[in-house]
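Just so we're aligned: 20 in full-length UniProt numbering is position 20 of the sequence shown, and the numbers increase by one with no gaps anywhere. Okay, so here's the structure we're looking at.
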Amino acid sequence: MQRRKFLQGVGLAAIASTAGCTQVTGSESEGGPGVAGETLTLTTTTSTYDTGLLDAIHPEFEDMYGVTVDAVAQGTGAALETARNGDSDVVMVHARGLEDEFMRNGYGINRRDLMFNDFVIVGPESDPAGIQGMESATEALAAIAEQEAAFVSRGDNSGTHTKELNLWDAAGVEPGGDWYQEIGAGMGEALNNANQQDAYTLSDRGTFISQRSEIDLTILVQGPIEGGPEILSNPYGIMAVNPGVHENVNYDLAMAYIGWITSPGAQDAIANYEMNGEQLFYPRAISEDPDFQQYVPEGWSSDSSSE
1 MQRRKFLQGV GLAAIASTAG CTQVTGSESE GGPGVAGETL TLTTTTSTYD TGLLDAIHPE
61 FEDMYGVTVD AVAQGTGAAL ETARNGDSDV VMVHARGLED EFMRNGYGIN RRDLMFNDFV
121 IVGPESDPAG IQGMESATEA LAAIAEQEAA FVSRGDNSGT HTKELNLWDA AGVEPGGDWY
181 QEIGAGMGEA LNNANQQDAY TLSDRGTFIS QRSEIDLTIL VQGPIEGGPE ILSNPYGIMA
241 VNPGVHENVN YDLAMAYIGW ITSPGAQDAI ANYEMNGEQL FYPRAISEDP DFQQYVPEGW
301 SSDSSSE
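In structure tokens form, the structure reads like this:
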């Protein structure tokens, strides 16, 4: 990926200072910042891309600023690595532990909570491990392991893979053997693979809904959106790449994008995005009682806070 020149100029700095205000246009003649023609590189998870969400909402931002958003779909780990190398301007991912590490190492700044959905455990209707309707995700995985029923793991250091590994750990199970298959691929391929083998897998709800008509798998253990365990929650965050580490990043435009996608209008667009009549993502950026912990790694506090 070709690295871009860092945008300069007093006019551009105004974007960051007004992040969250969606009244700015890309036309200098109308008093807006001179960013028309620029490209914002967004590294994001496969779920936000494969569900069609970004294709649905990005035209508004692109028209508003006269820019192009290049959305590169990767697993969370790969998306953060691309950003860590300075080849991304902004990242949209869903693994808070990996996000916190990214921030602690100085690569990410100005993080915001963005939206959420949840994870579900899906599998064949025959349900050989008998997990349907279980209220505990960890007990369901333990049952799958005990029966050595086929399970497909993404195995790609994505947010979903990270969640899956955390669940196995919480279940006290170290998966392995012929029944456990790591494929090193995205969510769509994992679902198709599980479908072909009558296997179980962990999926984010949005991607499953978007592909449900093409596969024979069914939801066997629900996430919290449908009353399932909170451990299956799936929050998404967004943050800019630190220009103090990578001078080439398009930081001002990244901050404009963060301001836009966390604004009421874009949050409504996320809420209203449906497939087959079902909502895929739920907005989280706007709250009557803001959570200030969203801006920093979880558990972080300044030295001065105890003085």
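Glycine is no exception: its CB is placed at the ideal position from the N, C-alpha and C atoms.
Helix, strand or coil at Tyr180 according to DSSP, with G and I counted as helix: The three-state secondary structure of Tyr180, taken from DSSP, is strand.
Taking all protein chains shown into account, decide if Glu28 is buried (16 or more other Cβ within 10 angstroms of its Cβ) or exposed. In this predicted model, Glu28 has a pLDDT of only 44, less than 50, meaning its place in the structure is not dependable enough to derive any value.
Give me the Cα-Cα distance between Glu226 and Val35, rounded to the nearest whole angstrom. In a straight line, the C-alpha of Glu226 is about 43 Å away from that of Val35.
Tell me the DSSP bridge mates of Asp156? Answer is none; Asp156 lacks a bridge partner.
So, Val93 versus Leu42, is the Cβ gap smaller than 8 Å? By the CB criterion at 8 Å, Val93 and Leu42 fall outside the cutoff.
Counting only the same chain and skipping the five closest in sequence on each side, list residues whose C-beta sits under 8 Å from that of Asp127. Once the five neighbours on either side are set aside, the close Cβ partners of Asp127 are Leu220.
Rounded to the nearest angstrom, what separates His58 and Val69 at their Cα positions? About 7 Å.
Whole-angstrom C-beta distance between Ser158 and residue 308, which should lie under 8 Å: Absent from the model: residue 308. The displayed extent of the chain is 1 to 307, so no value can be given.
Measuring only the C-alpha atoms, how far is Glu146 from Ser210? Their backbone Cα atoms lie some 31 Å apart in a straight line.
Contact check, Ile131 vs Ile121 under 8 Å by CB: the rounded distance? Going by Cβ atoms, the distance from Ile131 to Ile121 rounds to 7 Å, so yes, they are a contact pair.
Per-residue DSSP class, three states only, for Tyr107: Looking at Tyr107 - three-state DSSP - the assignment turns out to be coil, as it is neither helix nor strand.
Check Phe65 in the structure and name its three-state DSSP category. At residue 65 the sequence reads Tyr, which differs from the Phe that was named. In this structure, Tyr65 counts as helix in the three-state DSSP scheme.
Within 8 Å of any Cβ in chain D, is that where the Cβ of Gly299 sits? Given the protein chain composition of this structure (a single chain), no chain D is represented.
Helix, strand or coil, according to DSSP, for Glu148 in the structure here? Residue state, collapsed to three classes: coil.
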